[in-house]
């Protein structure tokens, strides 16, 4: 019988620790598949963040470097500057990238570091137990925003892709979703493109992936897919914000 | 022999390079040397100074406090600030082109060198510092003029060797001013 | 090789390059700027990289990443910047990454000043970041020593898989002295088979990490690190004894201050007063055993620092309660004069003013 689906070689056999309905697993698999399809798994060094995906170093089947909270783009810079011919990526959540690590992500993009960032935005701090993130939506409840996020005291949710797209060094910026099959397919394409941009030495690439957190959103996995579509996508529009012109 | 020299003036008067030149020359003669600059905001447009020690024995502290054997002052604020650091009978070499005042102390040996005038006479106002250094070397013989010339050649690098004769003349004119 | 006249900051940078460091990550701060400036000029010439990071936090994390590849890497800063670097230093210690970090220290606390100071002793010798760790700290007193110790620091870092600090102050960084870059006898250094350089499909992935959620596992890791620290305490202590024989007062001072203390000792000698110096060259591990060589003639110890008294804690530990321990310090960028130190010695001996 023909095998129609198999686990990617880009991931280890270690079982994920992610909650039921969390989409981190899908995003991990897409990254793993892309690294294999591009034939670069053996020369890739990944940088894991602090947050729910802190143990990503156990899951990706390549050399991995665990970073301090928010510092993954700086760590990746250090690696890439020593090993310019290798492939370097960071995998970061919204607390890591959009809060404590804003300086590091903006300046990695600003320098045009030839690295790829996978930014998983689920609008909440997952690992620490559902605190408000910079990307938490207005009115969305969090353990540190018990009445729901208020604009007056916490501002509007931060749109990182739009912000990064204003930086010249960020040559590839796209926001995707993994809440449905079409979205997953597009996400994989974007991730592949972001790595290709790195391989071509064009500059910094980032793929923001809207993701679910049923546990901390306090709803079921199925409800969370719907919630993402109805609440996150209207505020965080999908699409490409920056892509290198062909031939350049 | 231990010479402890304070060199001071406006930023741009070549105080730091004058100090480095003497230090370099001392090193060429296998003497023990140190060069310590002032640093920070005072470098920006204010007074600049450096402390140079040239000695036959290892240099302890590179700082010169009340034990300067010589002070080369290129402007008035430097005279006011540093004459107090001299030991009795220390050499106080004053750029009389820019300083009209007399030193307050009478227990030091003061020399008045019109360094800017001399520098202009030989065609380049920028070598006033070298004129002052020439005077100091004539007084103390701490290193030979030849060593300073050798240091100059190294500091200037291949592109600026043509400046060596001018500097040599400045050293000689400075020396002549205290003979 | 012939001697060359160099500024301290540049001499340290040149020594690092001589030791095989081709990658530098830093952030501007006075009084160490000549060091990154030198690196930005020189590293591209040898196929290396200089990166001016967006902050000291980023710079030390770049070091953390670059060190993970097995390369010899350096960053430098001054006191407030060093405070920011503590996060990354702790991670490097936890993840066992060799790197060399230079602190050309200045007065504090807070933004403090920019003049020479030794007020970072606690931060630097106690494991300034979070967690159970130490790292070697070299405190050169001359530029030649700064050059030699910087080169040595890279070997020690590689040998023990640890961050190593080279700590000077503004004076060491800014002054010029003749230096010579000597060929050192290299240690037998272990192969960096842990480095993240890509598996090439030939080995299992390497993981650089300081996270261990299982306390039993983390305790085991910390005990492993501790065993290494004990080995360093045994093998890596460096110090100098100056005129300690017959001394009535034995002073303890390091770096710039030790030079001033030597001047004071020589001047006291001319007045017939015998004083000596224990100069720690490694601040950690501290030269505890040197205190066992203090002669019977000694009546007291005097810790002289450019701080309000930090190393004195280690002096007291090393002294084991045997002699009275005195302190003299200037702080905030003020530099002690030999005369002040001489007066303090005389005061201890019951004379003077």
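Residue numbers (the working numbering), protein chains in the order written: chain A, 275 to 522; chain B, 42 to 220; chain C, 922 to 1274.
Positions of the beta carbon are idealized from the N, C-alpha and C atoms, including for glycine.
Source: prediction; values computed, not measured.
Contact with chain B by residue 951 of chain C, beta-carbon distance below 8 Å: yes
C-beta atoms of residue 1077 of chain C and residue 1157 of chain C nearer than 8 Å: yes
8 Å contact criterion, which residue 1165 of chain C and residue 1216 of chain C should meet: CB distance rounded: 7 Å
Boundaries (first-last residue) of the alpha helix (DSSP H) holding residue 966 of chain C: Careful: residue 966 of chain C lies outside any alpha helix (DSSP H) and carries neither H nor E.
Beta-carbon proximity list for residue 108 of chain B, same chain, < 7 Å, skipping 5 on both sides: 45 and 128
Span of the beta strand (DSSP E), counted from its first residue to its last, around residue 469 of chain A: No beta strand (DSSP E) holds residue 469 of chain A; the alpha helix (DSSP H) holding it covers 455–473.
Pick from C:970, C:941, C:991 and C:946 that is closest to residue 1112 of chain C, judged by C-alpha positions: C:991
8 Å CB neighbourhood of residue 1031 of chain C in its chain, flanking five on each side removed: 1001
The region 64–94 of chain B: positions lying closer than 7 Å to chain C by Cβ: 64, 65, 68, 74, 75, 76, 77, 78, 80 and 81
Any C-beta of chain A under 8 Å from that of residue 985 of chain C: yes
8 Å Cβ cutoff, residue 1132 of chain C in contact with chain A: yes
Cα-Cα separation between residue 500 of chain A and residue 454 of chain A, rounded to whole angstroms: 10 Å
Alpha helix (DSSP H) runs contained entirely in the region 1015–1069 of chain C, provided each spans 4 or more residues: 1042–1046
Three-state class that DSSP yields for residue 123 of chain B in the structure shown: helix
Any 3 or more C-beta pairs closer than 8 Å across the region 1088–1100 of chain C and the region 1020–1038 of chain C: yes
Beta carbon proximity, residue 1021 of chain C to chain A, threshold 8 Å: no
Beta-carbon gap between residue 1029 of chain C and residue 1040 of chain C smaller than 8 Å: yes
Three-state class that DSSP yields for residue 326 of chain A in the structure shown: helix
Where residue 485 of chain A falls: helix, strand or coil (DSSP): coil
Interface flag, residue 58 of chain B vs chain C, CB-CB below 8 Å: no
Closer than 8 Å to chain F by CB, residue 1028 of chain C: In summary, chain F is missing from the structure at hand, where the protein chains are A, B and C.
Option in A:412, A:359, A:422 and A:417 with minimal Cα separation from residue 469 of chain A: A:359
DSSP three-state assignment for residue 1273 of chain C, whether helix, strand or coil: Note that residue 1273 of chain C scores a pLDDT of 47, beneath 50, so its modelled location is shaky and nothing firm can be said.
Chain C contact residues for residue 357 of chain A, given Cβ-Cβ distances below 7 Å: 990 and 1118
Chain-order list of residues whose beta-carbon lies under 6 Å from that of residue 1009 of chain C (same chain, five-residue window excluded): 981, 982 and 985
Where the alpha helix (DSSP H) through residue 1139 of chain C begins and ends: 1136–1156
Interface flag, residue 50 of chain B vs chain C, CB-CB below 8 Å: no
Ranges of the alpha helix (DSSP H) found wholly within the region 343–431 of chain A, counting only runs of at least 4: 346–356, 376–384 and 425–428
Straight-line Cα distance separating residue 490 of chain A from residue 362 of chain A: 31 Å
Neighbour flag for residue 545 of chain A against chain C, beta carbons, 8 Å: Summary: the structure shown does not reach residue 545 of chain A, with chain A confined to residues 275 through 522, and so no result is reported for it.
Residues of its chain near residue 151 of chain B, where Cβ-Cβ distance is below 7 Å and the 5 sequence neighbours each way are ignored: 133, 135 and 144
Validate contact between the region 1233–1249 of chain C and the region 1204–1219 of chain C using beta carbons, cut 8 Å, 3 pairs: yes
Burial state of residue 203 of chain B, where buried means 16 or more other Cβ atoms lie within 10 Å: exposed
For residue 319 of chain A: DSSP bridge partner residues: A:337 and A:362
C-alpha gap between residue 1273 of chain C and residue 1264 of chain C, whole angstroms: In this prediction, residue 1273 of chain C scores a pLDDT of 47, lower than 50, which makes its location untrustworthy; the coordinate-derived value is nonetheless stated afterwards. Distance between the alpha carbons of residue 1273 of chain C and residue 1264 of chain C is about 6 Å.
Nearest neighbour of residue 1261 of chain C, chosen from B:50, B:106, B:42 and B:200 [CA to CA]: B:106
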